[in-house]
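Participant: The structure is given below, and queries will be raised subsequently.
There are 2 protein chains.
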Amino acid sequence: MINELIKKIVKMEAPIVVGLDPMENYIPECVKSKAYAEFGETLAGAGEAVWQYNKALIDAVADIVPAVKPQIAMYEQFGIEGLIAYKKTVDYAKEKGLVVIGDVKRGDIGSTSAAYATAHLGKVKVGNNTFAAFNEDFATVNPYLGTDGIKPFVDVCKAEKKGIFVLVKTSNPSSGEFQDRLIDGRPLYEHVADKVCEWGADAMGDAYSYVGAVVGGTYPEMGRVLRKAMPKTFILVPGYGAQGAKGADIAPYFNADGLGAIVNSSRGIIAAYKQEAYANYGDAGFADAARAAALAMKEDLKQAWMK
Amino acid sequence: MINELIKKIVKMEAPIVVGLDPMENYIPECVKSKAYAEFGETLAGAGEAVWQYNKALIDAVADIVPAVKPQIAMYEQFGIEGLIAYKKTVDYAKEKGLVVIGDVKRGDIGSTSAAYATAHLGKVKVGNNTFAAFNEDFATVNPYLGTDGIKPFVDVCKAEKKGIFVLVKTSNPSSGEFQDRLIDGRPLYEHVADKVCEWGADAMGDAYSYVGAVVGGTYPEMGRVLRKAMPKTFILVPGYGAQGAKGADIAPYFNADGLGAIVNSSRGIIAAYKQEAYANYGDAGFADAARAAALAMKEDLKQAWMK
Chain A
22 MINELIKKIV KMEAPIVVGL DPMENYIPEC VKSKAYAEFG ETLAGAGEAV
72 WQYNKALIDA VADIVPAVKP QIAMYEQFGI EGLIAYKKTV DYAKEKGLVV
122 IGDVKRGDIG STSAAYATAH LGKVKVGNNT FAAFNEDFAT VNPYLGTDGI
172 KPFVDVCKAE KKGIFVLVKT SNPSSGEFQD RLIDGRPLYE HVADKVCEWG
222 ADAMGDAYSY VGAVVGGTYP EMGRVLRKAM PKTFILVPGY GAQGAKGADI
272 APYFNADGLG AIVNSSRGII AAYKQEAYAN YGDAGFADAA RAAALAMKED
322 LKQAWMK
Chain B
22 MINELIKKIV KMEAPIVVGL DPMENYIPEC VKSKAYAEFG ETLAGAGEAV
72 WQYNKALIDA VADIVPAVKP QIAMYEQFGI EGLIAYKKTV DYAKEKGLVV
122 IGDVKRGDIG STSAAYATAH LGKVKVGNNT FAAFNEDFAT VNPYLGTDGI
172 KPFVDVCKAE KKGIFVLVKT SNPSSGEFQD RLIDGRPLYE HVADKVCEWG
222 ADAMGDAYSY VGAVVGGTYP EMGRVLRKAM PKTFILVPGY GAQGAKGADI
272 APYFNADGLG AIVNSSRGII AAYKQEAYAN YGDAGFADAA RAAALAMKED
322 LKQAWMK
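Sequence order for the protein chains is A and B. Counting from 22, one number per residue, gives the positions in the first sequence under this note's numbering. Counting from 22, one number per residue, gives the positions in the second sequence under this note's numbering.
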């Protein structure tokens, strides 16, 4: 799947993933009111609004970006109905040819991590049958529990030719509280990066490993160090746009081959219609506004990776 | 909820939480075959088997232990149908008077962590209505992203009088890879423990905070240090039984008041019927075997907390 993701990035000249984080206040009133009219102001109504919002966004960007990244927390808050919308979103995005990165940040130990890996990337056995539960192409994973937590994911990735992105340095202001602390003179995130290389070494695609890393775009100096420390690791970069990182900030995350990173934007694309620059699209034009914002991001990123 | 949990522990003289981790191979054949006969060897069949298994286990232990801890990964692997079984399990356990600790190990940043907190402990707004999605009493949370990831959970805990257990030192063999590394001469887990105290300081119940910690029972020496470092923090202790910790190992996790810890056992109770000691119960007697194993654990733990 990492090979396929890279092929799509190259073909579309867009190292971009659109974050499908359907916050209630991002969803246009016209979408919500239609869903509520049909299903009421209920969890089912919320699930329908989320799904219709995502469907229109996917239709608007599927031919210009390689991937989407639904953030499962935003669906989980609506319970079962929200998770049905998540599953429909994953299935529809794949149907439209998009690579799907499930932003699930799961992580546990042993058989429990294996169950999460099965849930999101693998297949579960029921009697003599097997089923894929959520069936994303990639998942994000938390490393705090060590190798026991990651190994079951890597095993499933190898079996299914899928991938993970391990949290190394996150984009948030307080990410340094633990991640930046020095251990033997090097920050914790560099030690995690060492392990990411180790975990990924025997799960290689053509040029990059199935085991990727999350490194926030809000810390370009650390991005530069981590890019060098993990030469064969694909980096998922959150923090672009609304969180503050710009195209030029992202340059250090790419290798000399112009590859090695995919940059996420959520709010900046899916809620573009709320920005002054795209206000003329109006509520009802939210999907067209998202397409325009994705194209603008593609232009902005060119300075980062086209050398 | 921490006050209520403590009241129940004292009343039942059992600082015990039963881990509802319905691994496929723990569920007795008789339960699976009945579910598959009705729903087929499908995800719905798996969900039904999980639910019937849990229901019988809850009925068997509800009057002798204060709490259950469903491990959501085991349900998530069966997709939507699995999560429906999770929700039914949470609801039924609460109906039977049990405190429910959702072992979800979620953790993200800002609005995303807020969405997870809403999903598991809070209420979500849909138009003019509000709904509780999964509605556990406690949730386990991963600290790797720092305060940004935890604060939204604490806010929901305060509003809803619920609680969290933050991963400090986990029970697995590789937990030391990052958690034990020395920062300014002290292991990372102690730095996380400092933060747990800080996060919990303004979210106090009567004697203990709404913000608890997970400290594996497999590392009693670290348990001793962390007990002292976090005097007002309730500790959730995994690792008892199948993972190797015994009653005497757990003593350091309790305060002088005989409180301060709740010990989890999953396999050792819910799959007791598979052990030689409980073999006479047979497959069909799995729930009675679980009850007997829970009572034996209660006896074994007395040496740890009754001073």
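Idealized CB from N, CA, C, for every residue including glycine.
Does the beta-carbon of asparagine 285 of chain B have 16 or more other beta-carbons within 10 angstroms, so that it is buried, or is it exposed?
Facilitator: Classification of asparagine 285 of chain B: buried, given that the 10 Å Cβ count is 16 or more.
Participant: Measure the C-alpha to C-alpha separation of aspartate 42 of chain A and tyrosine 261 of chain A and round it to an integer number of angstroms.
Facilitator: Rounded to whole angstroms, aspartate 42 of chain A to tyrosine 261 of chain A spans 14 Å at the Cα level.
Participant: According to DSSP, which residues form a beta bridge with threonine 151 of chain B?
Facilitator: Per DSSP, B:Lys146.
Participant: If you draw a straight line from the alpha carbon of asparagine 156 of chain A to that of glycine 184 of chain A, how long is it in whole angstroms?
Facilitator: Roughly 12 Å between the two C-alpha positions.
Participant: Any C-beta of chain A sitting closer than 7 Å to the C-beta of serine 196 of chain B?
Facilitator: Yes, serine 196 of chain B counts as interfacial toward chain A.
Participant: Could you tell me whether any Cβ in chain B is nearer than 7 Å to the Cβ of valine 187 of chain A?
Facilitator: Output row for valine 187 of chain A: interface = no.
Participant: Express the C-alpha separation of glycine 268 of chain B and leucine 166 of chain B in angstroms, rounding to a whole number.
Facilitator: Distance between the alpha carbons of leucine 166 of chain B and glycine 268 of chain B: 33 Å.
Participant: In angstroms, rounded to a whole number, what distance separates the CA positions of threonine 161 of chain B and tyrosine 107 of chain B?
Facilitator: Each residue's Cα considered, the two are about 15 Å apart.
Participant: Counting only C-beta atoms, is alanine 277 of chain B closer than 7 Å to chain A at any point?
Facilitator: Answer no: the Cβ-Cβ gap between alanine 277 of chain B and chain A never drops below 7 Å.
Participant: On the DSSP letters alone, give me the boundaries of the beta strand (DSSP E) that phenylalanine 186 of chain A sits inside.
Facilitator: Element bounds for phenylalanine 186 of chain A: 184 to 190.
Participant: Distance cutoff 7 Å, beta carbons only. Does arginine 245 of chain B sit that close to anything in chain A?
Facilitator: By this cut-off, arginine 245 of chain B is not an interface position.
Participant: Could you tell me the distance, in whole angstroms, from the CA atom of proline 208 of chain A to the CA atom of aspartate 205 of chain B?
Facilitator: Going from the Cα of proline 208 of chain A to the Cα of aspartate 205 of chain B covers about 12 Å.
Participant: Could you pull the start and end residues of the alpha helix (DSSP H) that glycine 289 of chain B belongs to?
Facilitator: From DSSP, the alpha helix (DSSP H) with glycine 289 of chain B extends over 288 to 291.
Participant: In terms of residue numbering, what span does the alpha helix (DSSP H) encompassing isoleucine 30 of chain A cover?
Facilitator: First-last of the alpha helix (DSSP H) with isoleucine 30 of chain A: 23 to 33.
Participant: To test your reading of the DSSP string, which unbroken alpha helix (DSSP H) runs of 4 or more residues are found completely within the stretch 240 to 312 of chain B?
Facilitator: With a minimum length of 4 residues, the continuous alpha helix (DSSP H) runs that stay inside the stretch 240 to 312 of chain B are 241 to 250, 268 to 271, 288 to 291.
Participant: Kindly indicate which three-state DSSP category glycine 233 of chain B falls into: helix, strand or coil?
Facilitator: Note: glycine 233 of chain B maps to strand in three-state DSSP.
Participant: At a Cβ threshold of 7 Å, is lysine 126 of chain A touching chain B?
Facilitator: By this cut-off, lysine 126 of chain A is an interface position.
Participant: Where DSSP assigns a beta bridge to threonine 161 of chain A, which residues make up the other side?
Facilitator: Answer is A:Phe186.
Participant: Starting from the Cα of phenylalanine 275 of chain A, find the closest Cα among A:Ala35, A:Gly303, A:Thr110 and give me that residue.
Facilitator: That would be A:Ala35, whose Cα lies nearest to the Cα of phenylalanine 275 of chain A.
Participant: Who are arginine 127 of chain A's beta bridge partners in DSSP?
Facilitator: Partner(s): A:Val162.
Participant: How many angstroms separate the CA atom of isoleucine 23 of chain B from the CA atom of alanine 65 of chain A?
Facilitator: Taking the straight line joining both Cα atoms gives about 32 Å.
Participant: Starting from alanine 88 of chain B, trace the beta strand (DSSP E) in both directions and tell me its first and last residue.
Facilitator: It spans 88 to 91 - the beta strand (DSSP E) in which alanine 88 of chain B sits, taken as one unbroken run.
Participant: With 16 other CB atoms within 10 Å as the buried threshold, where does lysine 179 of chain B fall?
Facilitator: Classification for lysine 179 of chain B: exposed.
Participant: How should valine 31 of chain A be labelled, buried or exposed, when 16 other C-beta atoms within 10 angstroms of its C-beta is the threshold for buried?
Facilitator: Counting Cβ neighbours within 10 Å, valine 31 of chain A comes out exposed, since fewer than 16 surround it.
Participant: How long is the line joining the alpha carbons of isoleucine 101 of chain A and serine 287 of chain B, rounded to whole angstroms?
Facilitator: If you take the alpha carbons of isoleucine 101 of chain A and serine 287 of chain B, they lie about 25 Å apart.
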